DNA sequence: TATGAATGAGAATTCATTCAT
DNA sequence: AATGAATGAATTCTCATTCAT
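Residue numbers (our numbering), protein chains in the order written: chain A, 18 to 233; chain B, 18 to 233; chain C, 18 to 233; chain D, 18 to 233.
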């Protein structure tokens with residue numbers, strides 16, 4: 018008994034659920050292995066094993082290994098943009114928004130998902146032209162978001178920056194600061210518990226930096 | 018006619034020069050190829066070709082591909098520490114020193130040797146446990162230098178920081194800012210000519226940031 | 018139509034057969050090449066070609082070249098122990114058993130499978146620590162079998178040996194005699210047809226030797 | 018002041034001595050390394066280092082690595098033939114000669130020079146066609162010597178063997194017995210101290226074996 | 001759709017031998 | 001004669017991707 022097109026039979030729904038479950042399992046396995054062994058060392062066979070599917074199934078869901086990493090990068094970037102954006106917009110005062118979003122990034126993202134930090138800042142770096150292009154696009158978005166926030170700050174506070182370049186510089190600097198703090202405290206050293214404290218200082222540093230580029 | 022031990026015949030001197038020349042050629046070739054094609058894509062055969070020596074000769078000089086990259090990293094780190102350190106110490110006022118050294122890094126290093134920036138910030142990232150350890154050590158030194166400068170600043174200016182963590186946070190942030198600025202302007206976008214302008218703003222940002230972590 | 022777990026579809030059975038066929042083909046190719054060109058000279062590519070599979074397939078079946086040789090050694094040792102053991106046990110009189118098994122080794126094994134003799138006595142010698150350890154274990158088993166036979170002989174005949182070492186010495190000597198006879202007549206010289214005659218004399222030599230170590 | 022041809026100046030004599038010393042050093046180094054690391058693993062560079070000469074000097078003295086091993090094999094074979102032959106001829110009674118020479122081989126050669134046993138029975142096996150040919154020639158001589166001794170025994174004792182093949186079979190068996198006893202007790206197990214005891218039993222085994230091939 | 005055996009290009013590394021000095 | 005840097009062919013092994021079932 019065929020259903021009308023567009024709807025799915027119960028069995029079809031189950032298959033659909035299973036299919037998505039498999040896709041999720043593959044992404045999860047890949048994230049775990051990329052973070053623990055490194056992108057190059059984690060073979061497709063290993064990923065398939067970890068996800069409890071066959072290699073073939075991995076290729077049904079993703080057309081290449083690169084694509085898996087690209088997908089993970091997108092997911093991670095989306096989460097970060099969401100956390101940062103939501104926290105920025107929650108409060109009225111944009112200075113407070115910067116503080117809040119920075120601290121949220123550190124304590125609600127970095128501290129909770131260290132593997133994602135490893136993927137973002139270590140395992141996606143310098144892998145291939147395609148992935149590097151993807152990474153560039155991703156960072157461009159993050160910087161654009163930050164720049165937007167800086168512009169908002171400027172407008173709401175009614176000041177001007179030293180030059181047309183300033184807001185981009187600021188946004189880029191902020192991105193770099195968070196990256197290196199996370200890299201040092203999470204990837205190299207195991208000081209995740211100090212991130213609360215650190216993030217407080219980082220946001221103050223940022224606010225001080227931003228203000229020093231104000232005209233007058 | 019035997020020379021006294023320790024000195025070399027003219028012919029010996031020439032051979033010695035040739036030997037060193039070959040070593041340099043290999044490093045140069047590796048740097049060029051790592052920067053243009055990426056570490057993984059640049060095969061030892063390719064490097065040997067580019068250096069106009071045989072594969073065997075590469076292995077006489079470096080015991081593995083990893084070692085070549087480690088050597089390049091050391092060289093680059095040494096140059097950066099020298100440029101930054103020299104410029105910091107040239108002037109009396111440590112604020113001025115920070116400005117000067119930051120601008121020097123951007124204009125005398127990044128602008129002139131983009132391949133070194135690529136090696137440092139892209140091609141050495143996440144390659145292997147050994148190289149990652151090397152990279153950590155390298156960054157630790159750079160951060161230690163920066164932290165030293167920040168401490169000097171603090172002492173000469175006679176203030177205190179908010180916490181014992183502050184100077185480390187500041188140094189780490191500075192490292193991250195320069196990294197990402199260089200990455201964006203040199204590796205991803207071709208805006209090397211804007212680095213002069215950008216670096217001025219970055220150093221001001223830094224000074225503002227540092228001051229905002231001062232006690233009181 | 019799904020089969021119950023544990024059974025295979027006809028197609029699955031065929032695939033299973035093909036898989037095993039490939040494994041056999043690889044072992045056969047390796048045996049042939051190790052015997053004709055030598056273990057070191059026979060490259061994995063060469064083996065794969067001879068077996069009409071790809072190099073990758075060789076590595077699916079055996080994790081290294083060493084493992085292929087180790088496997089061949091095991092197979093050969095198993096066959097020898099079987100032939101020798103079966104023939105020894107077929108007859109009641111242990112003297113007759115020694116004669117029969119020795120002659121069987123020569124005429125039913127050495128004469129028929131000269132490549133196996135080459136692998137066993139030439140190509141597995143001194144290749145690597147791992148293989149040497151494997152070889153030691155293998156020979157220890159063969160000697161233990163022979164020693165068991167000698168002990169049986171002793172007990173059934175109701176005599177004692179000169180010392181506690183005697184049966185081990187005898188077993189070791191027997192192993193060495195067969196080895197060298199096979200090496201000389203099969204590997205170095207092409208006198209396989211004389212092995213019938215030779216083995217008769219060897220077994221008599223052995224019987225005489227054994228008796229000369231009897232007490233009294 | 019040129020000396021007449023055929024004589025050497027003092028300096029020339031010294032150079033000659035040094036040259037021979039170097040050759041000896043190379044052979045000694047090669048023996049040590051072949052025995053400890055194996056023929057394939059011992060590189061020419063390693064041998065040169067151990068002999069405290071350059072690679073070039075090794076090649077002045079021996080035209081290839083194979084030749085070094087061939088030379089060592091010759092030396093070892095010569096020593097064995099000398100020890101065995103001298104001991105056989107020392108006594109009148111050929112049975113006693115067999116006993117004496119066998120025991121001498123075990124206690125004066127195997128026990129004292131385990132590296133030579135390793136070279137002879139392990140490291141020279143199955144290396145290359147050339148070396149295998151060399152090895153065959155060497156063993157043929159050893160077997161011929163043994164066969165000569167067996168023939169002497171036969172003639173002095175005034176008996177005949179079962180067949181024309183007998184003396185060759187006996188000689189070959191003897192060679193194999195000593196080989197395997199030495200391999201087991203020296204190379205695989207560290208029971209060099211038991212060789213005294215073992216060799217006594219081996220020679221009795223041999224005598225018993227020889228007699229069992231006597232006609233009637 | 002799912003499977004996983006098969007593929008084979010590609011990579012790093014070794015080392016006997018040569019030869020200019 | 002002695003040196004030892006240079007050579008480069010050869011080898012083992014990996015792994016992303018394909019495709020017949």
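The C-beta atom is built at its ideal place from N, Cα and C for all residues, glycine as well. Fair warning: this is a prediction, and the values are worked out from it, not measured in the lab.
Chain B contact residues for residue i, given Cβ-Cβ distances below 9 Å
i, result
"residue 207 of chain A", "None at all; the shortest Cβ gap to chain B is about 13 Å."
Residue from the options whose Cα sits closest to the Cα of residue i
i, options, result
"residue 132 of chain A", "A:50, A:228 and A:29", "A:50"
"residue 170 of chain A", "A:95, A:138 and A:109", "A:109"
"residue 55 of chain A", "A:35, A:142 and A:125", "A:142"
"residue 94 of chain A", "A:130, A:26, A:69 and A:62", "A:130"
"residue 230 of chain D", "C:220, C:103 and C:164", "C:220"
"residue 91 of chain D", "D:150, D:113 and D:191", "D:150"
"residue 42 of chain A", "A:78, A:197, A:180 and A:217", "A:78"
"residue 112 of chain A", "A:173, A:63 and A:185", "A:173"
"residue 165 of chain D", "D:186, D:89 and D:210", "D:186"
"residue 65 of chain B", "B:57, B:211 and B:44", "B:44"
"residue 213 of chain D", "D:118, D:75 and D:26", "D:118"
"residue 99 of chain D", "D:81, D:126, D:76 and D:85", "D:126"
Contacts of residue i in chain A (Cβ-Cβ under 9 Å)
i, result
"residue 162 of chain B", "Those do not exist, as residue 162 of chain B stays about 15 Å from chain A at its closest Cβ, beyond 9 Å."
"residue 211 of chain B", "182"
Interface flag, residue i vs chain C, CB-CB below 7 Å
i, result
"residue 193 of chain D", "yes"
"residue 26 of chain D", "no"
"residue 20 of chain D", "Interpretation of residue 20 of chain D is limited by its pLDDT of 46, a score under 50 that renders its predicted location unreliable; the figure taken from the coordinates is listed afterwards. Chain C contact via Cβ: absent."
Residue i: contacting residues in chain A (beta-carbon distance under 8 Å)
i, result
"residue 219 of chain B", "186 and 190"
Coil, strand or helix - residue i by DSSP
i, result
"residue 231 of chain B", "strand"
"residue 105 of chain C", "helix"
"residue 223 of chain C", "helix"
"residue 51 of chain D", "helix"
"residue 122 of chain C", "helix"
"residue 202 of chain D", "helix"
Residue i at chain D interface by Cβ criterion, 7 Å
i, result
"residue 228 of chain C", "yes"
"residue 168 of chain C", "no"
"residue 153 of chain C", "yes"
7 Å Cβ cutoff, residue i in contact with chain B
i, result
"residue 231 of chain A", "no"
"residue 225 of chain A", "yes"
"residue 182 of chain A", "yes"
Residues that residue i contacts on chain C, provided the C-beta gap is smaller than 8 Å
i, result
"residue 9 of chain D", "Summary: the structure shown does not reach residue 9 of chain D, with chain D confined to residues 18 through 233, and so no result is reported for it."
"residue 214 of chain D", "180 and 182"
CB contact check: residue i to chain A, cutoff 7 Å
i, result
"residue 198 of chain B", "yes"
"residue 92 of chain B", "no"
"residue 148 of chain B", "no"
Beta-carbon neighbours of residue i, restricted to chain D and to distances below 7 Å
i, result
"residue 201 of chain C", "189"
"residue 142 of chain C", "139, 142 and 143"
Partner residues on chain A for residue i, Cβ-Cβ distance less than 7 Å
i, result
"residue 37 of chain B", "Result: empty, since nearest Cβ-Cβ is about 29 Å, beyond 7 Å."
* To do: Taking only beta carbons into account, state which residues of the region 117-131 of chain D come closer than 8 Å to chain C, listed in chain order.
  => none
* **chain A contacts from the region 55-69 of chain B (Cβ-Cβ distance under 9 Å)** => 55, 56, 57 and 58
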